[in-house]
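Working notes, beginning with the structure itself.
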């Protein structure tokens with residue numbers, strides 16, 4: 146339990162805010178503190194909000210980090226499309 150002493154102006158502001166809210170005074174203050182706390186937390190990246198990196202893009206052929214092998218595989222895949230009229 147926490148007790149907070151407010152000056153007259155702040156108490157008036159709180160009363161006015163509570164008149165527009167549909168929650169109890171205690172819940173209102175909890176929500177206010179929670180909102181301020183969340184604002185201080187580092188935000189997630191777009192990638193994290195979408196569930197992380199796509200798993201299918203992380204799985205590849207082994208050994209493709211070798212440039213000569215990558216060139217060979219790309220050339221083999223491109224040859225059929227180059228032969229078409």
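Numbering (my numbering), first residue to last: 146 to 230.
The beta-carbon is built from N, C-alpha and C at its ideal position, and this holds for glycine as well.
Every value quoted in this text rests on a predicted model; they were computed, and no experiment measured them.
Between residue 192 and the rest of its own chain, which residues show a CB-CB distance below 7 Å, the 5 nearest in sequence each way excluded? 198
Spatial neighbours of residue 170 within its chain, please: C-beta separation below 7 Å, excluding the five flanking residues on both sides. 163
Specify the secondary structure class of residue 223 as computed by DSSP and reduced to three states. helix
Tell me the DSSP secondary structure of residue 152 in three-state form. coil
Cβ distance (whole Å) where residue 173 is taken to contact residue 166 below 8 Å: 5 Å
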